[in-house]
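Participant: Sharing a structure here in structure tokens format.
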Amino acid sequence: NVNTDYCSDCSCVGGVIKSPNYPQNYHNSIYLTWLIEVARGELIQITFQSFDVKIIPVAGKMIQFSFGKLTLSDLNLFKFVVMIFELYDGDSNTSPMMGKYCGSSIPPNHLSSSNSVFMIFTTDGSVTFTGFYLEYNAH
Numbered sequence: 004n005v006n007t008d009y010c011s012d013c014s015c016v017g018g019v020i021k022s023p024n025y026p027q028n029y030h031n032s033i034y035l036t037w038l039i040e041v042a043r044g045e046l047i048q049i050t051f052q053s054f055d056v057k058i059i060p061v062a063g064k065m066i067q068f069s070f071g072k073l074t075l076s077d078l079n080l081f082k083f084v085v086m087i088f089e090l091y092d093g094d095s096n097t098s099p100m101m102g103k104y105c106g107s108s109i110p111p112n113h114l115s116s117s118n119s120v121f122m123i124f125t126t127d128g129s130v131t132f133t134g135f136y137l138e139y140n141a142h
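Add 3 to a position in the sequence shown, counting from 1, and you land on the number used in the numbering used here.
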């Protein structure tokens, strides 16, 4: 069970999910969700092949950003334009978060602890980048 928009060869055993318009730049003002579900007893392996989703200070030059390196108080020092990819270990955004990513570093591989993974891709109305390309497989 996968939102088939921007998804190719998607099935209950594996597939590819990519940001809209990939490998060209994604569009402005996007809020997309995907729910991947595989057979009960199976887990889901997520492998990013490409990733270019950035955060940019409104009044400054472009920077790459990792949520692991700056704290929330650091973020309060700047006004940012935000593009974010979120990954949850379960069937909704209330499930445990596996990761929240932006920047151009490819996120690590993830293995779910259940048969569901929920993803959110959010962009604002400013600049755009190529986005992401990921593969998932039942494991």
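A virtual CB, placed ideally from N, CA and C, is assigned to each residue, including glycine.
Report all residues from its chain with a CB closer than 7 Å to the CB of Thr131; omit the five preceding and five following residues, and keep chain order.
Facilitator: Within the same chain, Asn28, Tyr29, His30, Asn31 come within 7 Å of Thr131 by CB-CB distance, once the 5 residues on both sides are set aside.
Participant: Are the beta-carbon atoms belonging to Ser115 and Leu46 less than 8 Å from one another?
Facilitator: Taking 8 Å as the Cβ cut-off, Ser115 and Leu46 qualify as a contacting pair.
Participant: So, at 6 Å on beta carbons, what are the nonlocal neighbours of Pro99 in its own chain, with the 5 sequence-adjacent residues on each side left out?
Facilitator: Asp92
Participant: Whose C-beta lies closer than 6 Å to the C-beta of Met122 among residues of the same chain, with five residues either side of it excluded?
Facilitator: Trp37, Leu90
Participant: What do you reckon, are the CB atoms on Gly17 and Tyr136 nearer than 8 Å?
Facilitator: no
Participant: Is the distance from the Cβ of Asn118 to the Cβ of Glu40 below 8 Å?
Facilitator: Going by C-beta atoms, Asn118 is nearer than 8 Å to Glu40.
Participant: Considering only the alpha carbon of each residue, which of Asn112, Ser107, Ser108 lies closest to Met101?
Facilitator: Per the Cα distances, Asn112.
Participant: For Phe81, does the three-state DSSP call read helix, strand or coil?
Facilitator: Residue placement at Phe81 cannot be trusted, given a pLDDT of 46 that sits under 50; what the coordinates show is reported in the next sentence. Note: Phe81 maps to coil in three-state DSSP.
Participant: Would the beta-carbon of Thr125 fall within 8 Å of that of Asp55?
Facilitator: no
Participant: In whole angstroms, what is the alpha-carbon distance linking Cys105 and Arg43?
Facilitator: 31 Å
Participant: May I ask you to report which of helix, strand or coil DSSP gives Val19?
Facilitator: Looking at Val19 - three-state DSSP - the assignment turns out to be strand.
Participant: Below 8 Å between beta carbons: does that hold for Ser129 and Lys57?
Facilitator: no
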